[in-house]
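S.K.:
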Amino acid sequence: MSEGIKPIRRVVTGHDAQGRSCVIYDSAAPNVNANQFKKGTGMTDVWVFEECPAPLSGTRDDGNLPFHFEPPANGGHLRIVESDAKPKDYDPAADPFIVPEHAPKRTPAGTWERGNQNLYNTRIHKSETLDYGILLSGERILLLDDGQYVLKPGDTVVQIGSWHAWGNPNEGSQMAFVMMGAKFAG
Numbered sequence: 000m001s002e003g004i005k006p007i008r009r010v011v012t013g014h015d016a017q018g019r020s021c022v023i024y025d026s027a028a029p030n031v032n033a034n035q036f037k038k039g040t041g042m043t044d045v046w047v048f049e050e051c052p053a054p055l056s057g058t059r060d061d062g063n064l065p066f067h068f069e070p071p072a073n074g075g076h077l078r079i080v081e082s083d084a085k086p087k088d089y090d091p092a093a094d095p096f097i098v099p100e101h102a103p104k105r106t107p108a109g110t111w112e113r114g115n116q117n118l119y120n121t122r123i124h125k126s127e128t129l130d131y132g133i134l135l136s137g138e139r140i141l142l143l144d145d146g147q148y149v150l151k152p153g154d155t156v157v158q159i160g161s162w163h164a165w166g167n168p169n170e171g172s173q174m175a176f177v178m179m180g181a182k183f184a185g
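So for the sequence shown, numbering that gives the first Met the number 0 puts the first residue at 0; every next one is plus one.
Given below as structure tokens:
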């Protein structure tokens with residue numbers, strides 16, 4: 000388990016050799032991708048499906064596949080994102096990870112980005128995905144071209160390939176995302 004990241008217990012069900020339902024995994028999700036710059040923040044993949052419809056059999060642990068920010072093009076993943084709050088004494092002039100806003104460019108992984116990031120705001124980005132985001136705990140700010148939206152536990156965001164960023168100016172958060180491969184129209 001990566002240092003500082005809250006373990007995510009996952010209970011994965013399936014079938015035994017006699018066709019009876021049973022638990023096949025009951026443990027902390029093994030695929031933790033810690034943020035290398037901020038202890039206690041990162042992403043935990045709970046499960047990944049590579050195609051849709053997803054196969055409902057097998058013994059492979061699809062929660063322990065190689066980490067990719069984007070979900071499979073024809074599938075998706077369930078991911079928990081853990082973020083910490085910006086401290087009161089945060090000094091942007093001392094933040095070595097600031098990336099100013101810039102013209103859109105495509106990353107090697109396929110995500111589009113426009114910069115404008117620091118240690119407490121993600122870069123402005125969009126991807127060819129349909130994302131369902133549910134705030135589990137804390138507070139998170141959704142940053143869009145038309146403004147900022149404060150999210151509280153239970154709030155749900157449906158991202159349809161739009162430019163966005165995430166911030167945690169007031170408190171840390173845990174947010175669940177189901178991200179599925181999609182296509183931009185046109």
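Yeah, the Cβ is synthetic: ideal placement off N, Cα and C, and Gly gets one too.
So if DSSP puts tyrosine 148 in a beta bridge, which residue, or which two residues, is it bridged to?
M.R.: In DSSP, tyrosine 148 forms a bridge with Leu141.
S.K.: Runs of 3 residues minimum, wholly inside the stretch 58-103: which ones carry the beta strand (DSSP E) assignment?
M.R.: Taking only runs of at least 3 residues, the beta strand (DSSP E) segments lying wholly in the stretch 58-103 are 75-82.
S.K.: With phenylalanine 176 and valine 80 assumed to form a contact (beta carbons below 8 angstroms), what rounded beta-carbon distance in angstroms separates them?
M.R.: About 6 angstroms; that satisfies the 8 angstroms criterion.
S.K.: Over the uninterrupted beta strand (DSSP E) stretch that includes asparagine 30, give me the two end residues.
M.R.: Note, asparagine 30: beta strand (DSSP E), 30-33.
S.K.: Is the stretch 89-98 touching the stretch 136-156 in the sense that three or more CB pairs, one from each, lie closer than 8 angstroms?
M.R.: Judged by Cβ distances under 8 angstroms, the stretch 136-156 makes no contact with the stretch 89-98, as fewer than three pairs qualify.
S.K.: According to DSSP, is arginine 122 part of a helix, a strand, or is it coil?
M.R.: Three-state result, arginine 122: coil.
S.K.: Here's a check: name, in chain order, each residue in its chain whose Cβ is nearer than 8 angstroms to the Cβ of glycine 74, leaving out the five neighbours to either side.
M.R.: Val47, Phe48, Glu49, Glu50, Cys51, Ala53, Met179, Gly180.
S.K.: Would you decide whether aspartate 90 is buried or exposed? Buried here means 16 or more other CB atoms lie within 10 Å of its CB.
M.R.: Answer is exposed; the Cβ neighbour count stays below 16.
S.K.: Would histidine 67 and alanine 16 be called neighbours here (beta carbons separated by less than 8 angstroms)?
M.R.: Not in contact: histidine 67 and alanine 16 (Cβ atoms no closer than 8 angstroms).
S.K.: Could you please give the first and the last residue of the uninterrupted beta strand (DSSP E) stretch that includes glutamate 49?
M.R.: Counting along the chain, glutamate 49 falls outside any beta strand (DSSP E), and DSSP gives it neither H nor E.
S.K.: When you compare only the Cα positions, how much space is there between alanine 33 and leucine 129?
M.R.: C-alpha separation (whole angstroms): 24 angstroms.
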